[in-house]
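A.B. asks: Start counting at 1 in the sequence shown, then tack on 2, and there's your number in the working numbering.
Yeah, the Cβ is synthetic: ideal placement off N, Cα and C, and Gly gets one too.
The structure is given below, and queries will be raised subsequently.
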Amino acid sequence: MAVPRFKPVFIALGCLVLAWALAVGGYFLVQNSRVTAEKVRAYLHSVDLARLSGPERERALRELVRELNALSLDERRAVRLDDAWSRWFAEMTDDEKGQFIAATMPTGIKQMLASFEQMPEAQRRKTIDDALKRLKEARERAESGADDPADLGTNGPPVLSDELRQKITAVGLNAYYSQSSAQMKAELAPLLEEMQRMMERGVFLRTQ
């Protein structure tokens, strides 16, 4: 006779256990499905773009676009430090590079470029120098093991020549970028993303 009396309690406990199991399962599902810099680097190393053509090549590039767009700016920088990233870009055609850059450009870049255009020339130069310095420091930290260990090699983030730096600071990064080739846009992408990181952290304001 006691069982019917406690039946609602058992049902409630069962529901509680089921809800807890679903919550835990959902958490691990989200964690496993979340795109990380480590997963993108693994994808870059697991796929040889040079061996792909036609639909398979298009799918591989679309997948890289999807994964890169799911990363934060910090995670993007970690991915770009990997040698496999350089190998993929070297294999892409100019059309593929152009489409890839357009599809993966962070939405905040336009706002950053607009802010950059409002700066005096001396401040533009300092902002670019600061961004390049931060990229260099990030590579040095990664190579020393302070950041995620990756197959970094020696390519690293692009370093602007004095001539290119002068053009960007004089003409304006937005104007120069809009007229650049797909290859140049790809080389400038790490710099633009680093400058956006600086803007999001208020560094633009502190340099004024």
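Take the Cβ of residue 84 as the centre, count every other Cβ of all protein chains shown within 10 Å, and call the residue buried at 16 or more, exposed below.
C.D. replies: Buried, because 16 or more other Cβ atoms sit within 10 Å of the Cβ of residue 84.
A.B. asks: Once DSSP output is grouped into helix, strand and coil, what is the label at residue 38?
C.D. replies: If DSSP states are grouped into helix, strand and coil, residue 38 belongs with coil.
A.B. asks: Go to residue 67, then tell me how far its alpha helix (DSSP H) extends in each direction, as first and last residue.
C.D. replies: Looking at the DSSP string, the run of the alpha helix (DSSP H) that includes residue 67 is 56-71.
A.B. asks: Going by beta-carbon coordinates alone, are residue 70 and residue 42 separated by less than 9 angstroms?
C.D. replies: Yes. Within cutoff.
A.B. asks: For residue 80, does the count of other Cβ atoms within 10 angstroms reach 16, so buried, or fall short, so exposed?
C.D. replies: Burial call: buried.
A.B. asks: Confirm, please, whether the CB-CB distance from residue 191 to residue 106 is below 9 angstroms.
C.D. replies: Yes, Cβ-Cβ distance for residue 106 and residue 191 is below 9 angstroms.
A.B. asks: According to the Cβ coordinates, are residue 132 and residue 205 closer than 9 angstroms?
C.D. replies: Cβ distance < 9 angstroms, so residue 132 and residue 205 count as in contact.
A.B. asks: Between the beta-carbon of residue 67 and the beta-carbon of residue 91, is there less than 9 angstroms?
C.D. replies: Contact: no.
A.B. asks: Rounding to the nearest angstrom, what Cα-Cα distance links residue 199 and residue 53 in this structure?
C.D. replies: Taking the straight line from one Cα to the other gives about 35 angstroms.
A.B. asks: Do the CB positions of residue 193 and residue 115 come within less than 9 angstroms of each other?
C.D. replies: Not a contact, by the Cβ cut-off of 9 angstroms.
A.B. asks: I'd like to check one pair, residue 63 with residue 39: are the Cβ atoms closer than 9 angstroms?
C.D. replies: The answer is no: Cβ separation not under 9 angstroms.
A.B. asks: Among 172, 96 and 104, which residue has its Cα nearest to the Cα of residue 128?
C.D. replies: Ranking 172, 96 and 104 by Cα distance to residue 128 puts 172 first.
A.B. asks: Do the CB positions of residue 46 and residue 89 come within less than 9 angstroms of each other?
C.D. replies: Yes. Within cutoff.
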